[in-house]
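Numbering (the working numbering), first residue to last: 1 to 467. Cβ coordinates follow ideal geometry from the N, Cα and C atoms, glycine included. Let me begin by presenting the structure, written as structure tokens, before commenting on it.
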Amino acid sequence: MKSKILIVDDEKLMRVSLEDKLMKVGYAVTSLSNAVEGLTVLQSENYDAVITDVRLPRMDGIEFLKEIKKVSPDTVVIIMTAYGSIENAVVAMKEGAYDYVTKPFSLEELMIKLQKALKHKDMVAENILLKRQVVSQFGYNNMIGKTDVMKRVFEIINTVSNRDTTVLIQGESGTGKELTAGAIHYTSNRKDGPFVKLSCAALNKEILESELFGHEKGAFTSAIKTRRGRFELADGGTIFLDDVDDIPLEMQVKLLRVLQEREFERVGGEETISINVRVICATKKDLKKLVHEGRFREDLYYRLHVVTIHLPPLRERKEDIPLLATHFMKKYVAQQKVTVHSISLEVFHVLLIYQWPGNIRELENTIEHAMAFCTSGVITPKDLPENFREEETPSGLFSIELSTIDSLDLQETLSEAERKLLVWAYQKTKGNQVRMSEILRIPRTTLQNKLVKYNITKTNILATEQT
Ligand SMILES: Nc1ncnc2c1ncn2[C@@H]1O[C@H](COP(=O)(O)OP(=O)(O)OP(=O)(O)O)[C@@H](O)[C@H]1O
Ligand SMILES: [Mg+2]
């Protein structure tokens, strides 16, 4: 798409030659002799860039610039000033012009500046888009949960996000600690600032110290140049310290100081650096227990423990499983453009009795696996990873909270139920067809047809019983 440029200059010769040149190189150009008209045009159309003279009748270039920033803040502005009036250029830059040229200028000079300005505009737009994507990844919408414990988690996130309180997130592996930290940051008023993460797991004192606080050039042999640490990088935003329990004791003192005073020195540095950072920590362990064992400083524990969010393991909130499974299915459908559209009730049944040691991450991986193996539109138990098939129990029919799912394949579900009931009857009667047709209350020929349809034979039943 052609970039749209608006030129405003009351000198006709200048205006026409600029317009001519810019059109030749492929821009879509409009040129006008005054800013008042320019503003009217900008109110109804989007322009990528405006090139305007400063000295204009009725409304001058600086006034025009201020108005442009109000009606179309994304449009980049280049100002043309007369030779010897550099002060105009200074004011214009202060008011948000991207660049200026001093008359007389060569067309090449202007072209280079214009290209740079347009590139800058694209980058800003891309950044905004990226940030939006990050928000949609972390926003509440993507944090699923309808159980009371999760509702409580959302409530806490909501309450603390705009306060600068330190938050400790505690939960088993894969329960959503990082997602929660992101949700706090991206719903807080620091959301436009950086969200910096560091896992403290298995980092020795030296590396951790330099990661957290940075180092000066020459602080140690490999410090060939000054490096800023994560705390500095997070200035104005949030730092997320994962596996905080793993911080060596001697580093815990240093962390305590930052939490208390919000200042520190780089490794090998003299200068005290002050920062404005919100701290969120996460741990899979019971910090209190570590305090008792003398492996975690008590004073630091109390600093971190101001607000604690406990993320429950998935097995303690099984009602969320169908919701989460459906959410991940939709996520992968959108990402991979596959045609899977639902999950069978039997799969839900299997997912509900599983213990989920890897929690939500494991559930997400399971759905991803199943979708890769699913050949019809519906995920069935055969699509699940090996270990789930063993979990299938023939003890009940289905137990499923229908209110938690959006759709199901009726035919497929009924077939599954039918197959399951036939297997049940087969096992109960040891394959005696007369008894089977009695307990299922169907004619023997119908029964035989169905046994063939579902491939229920002595060998198959024995095989299922043995697994
Ligand atoms: N409530 C939720 N709703 C939707 N997806 C979730 C939820 N909680 C976690 N997830 C997803 O599960 C995966 C694991 O979450 P996350 O990385 O936040 O867990 P974690 O507790 O930090 O894990 P670990 O302890 O292994 O570092 C991620 O892909 C995340 O998007
Ligand atoms: Mg994590």
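The beta carbons of VAL340 and GLY377 sit closer together than 7 angstroms. With a cut-off of 8 angstroms on Cβ pairs, the stretch 196 to 206 is not in contact with the stretch 310 to 319, counting fewer than three such pairs.
Going by DSSP, THR52 is part of the beta strand (DSSP E) stretching over 49 to 53. Proximity to ASN449 across MET251, GLU418 and GLN427 peaks at GLU418, based on C-alpha coordinates.
Leaving aside the five residues that flank SER210 on each side, the residues in its chain whose CB is nearer than 6 angstroms to its CB run, in chain order, VAL267. Beta-bridge partners of ASP383 (DSSP): none assigned. The stretch 415 to 441 is shown to contain whole alpha helix (DSSP H) runs of 4 or more residues at 433 to 439, in chain order. In this structure the stretch 210 to 221 does not touch the stretch 163 to 177; the number of beta carbon pairs closer than 8 angstroms is below three. A straight line joining the alpha-carbon of SER161 with that of ILE309 spans about 12 angstroms. Boundaries of the alpha helix (DSSP H) harbouring LEU259: 249 to 261, taken from the DSSP string. Leaving aside the five residues that flank ASP243 on each side, the residues in its chain whose CB is nearer than 6 angstroms to its CB run, in chain order, SER199, CYS200 and ALA201. One Cα belongs to THR429, the other to HIS292, and the distance between them is close to 60 angstroms.
In the three-state scheme derived from DSSP, where H, G and I count as helix and E and B as strand, MET1 is classed as coil.
In chain order, LYS205 place their CB closer than 7 angstroms to the CB of GLU250, counting only its own chain and leaving out the 5 sequence neighbours on each side.
By the neighbour-count definition (other C-beta atoms within 10 Å, threshold 16), ASN88 is a buried residue. As summarised for the stretch 85 to 115, the continuous alpha helix (DSSP H) elements at least 4 residues long and confined to that stretch are 86 to 94, given in chain order. Residues of the same chain with a CB within less than 7 angstroms of the CB of ALA117, apart from the 5 flanking positions on each side, are ALA49, VAL76, ILE78, TYR98 and ASP99 in chain order. The C-beta distance from LEU311 to VAL153 rounds to 7 angstroms, short enough to meet the 8 angstroms contact threshold. Counting only residues whose CB is nearer than 6 angstroms to a non-hydrogen atom of ligand 2, the list in chain order is LYS177, GLU178 and ASP242.
Counting along the chain, the unbroken beta strand (DSSP E) around SER274 starts and ends at 272 to 274.
The alpha-carbon of ASP148 is positioned some 12 angstroms away from that of ILE156. Taken atom to atom, the span from the alpha-carbon of GLU37 to that of GLY96 is near 21 angstroms. Its chain contains ARG303 as the residues whose beta carbon lies nearer than 8 angstroms to that of GLN260, once the 5 sequence neighbours on both sides are disregarded; these appear in chain order.
With fewer than 16 neighbouring CB atoms inside 10 Å of its own CB, LYS2 falls in the exposed class.
Closer than 6 angstroms to some heavy atom of ligand 1: that describes the Cβ of THR175. Proximity of the beta carbon of GLY145 to ligand 1 is indicated: a heavy atom of the ligand is located closer than 6 angstroms.
CA-CA distance, LYS94 to GLU362, rounds to 53 angstroms. Contact check between the stretch 172 to 179 and the stretch 215 to 230: fewer than three CB pairs, one atom from each, fall below 8 angstroms, which does not count as touching. The alpha helix (DSSP H) runs lying completely inside the stretch 298 to 386 and spanning 4 residues or more are 298 to 304, 321 to 336, 345 to 353 and 359 to 373, given in chain order.
Per DSSP, the beta-bridge partners of PHE240 are LYS197 and ILE280.
For LEU32, the uninterrupted beta strand (DSSP E) segment begins and ends at 28 to 32. At a Cβ-Cβ threshold of 7 angstroms, VAL8 and LEU39 do not count as neighbours. About 5 angstroms separates the beta carbons of LEU345 and THR413, which is inside the 8 angstroms limit, making them a contact pair. Ligand 1 has a heavy atom closer than 6 angstroms to the beta-carbon of ILE360. Across the set ALA370, ILE321 and THR187, the C-alpha of ILE321 shows the shortest separation from the C-alpha of GLY145.
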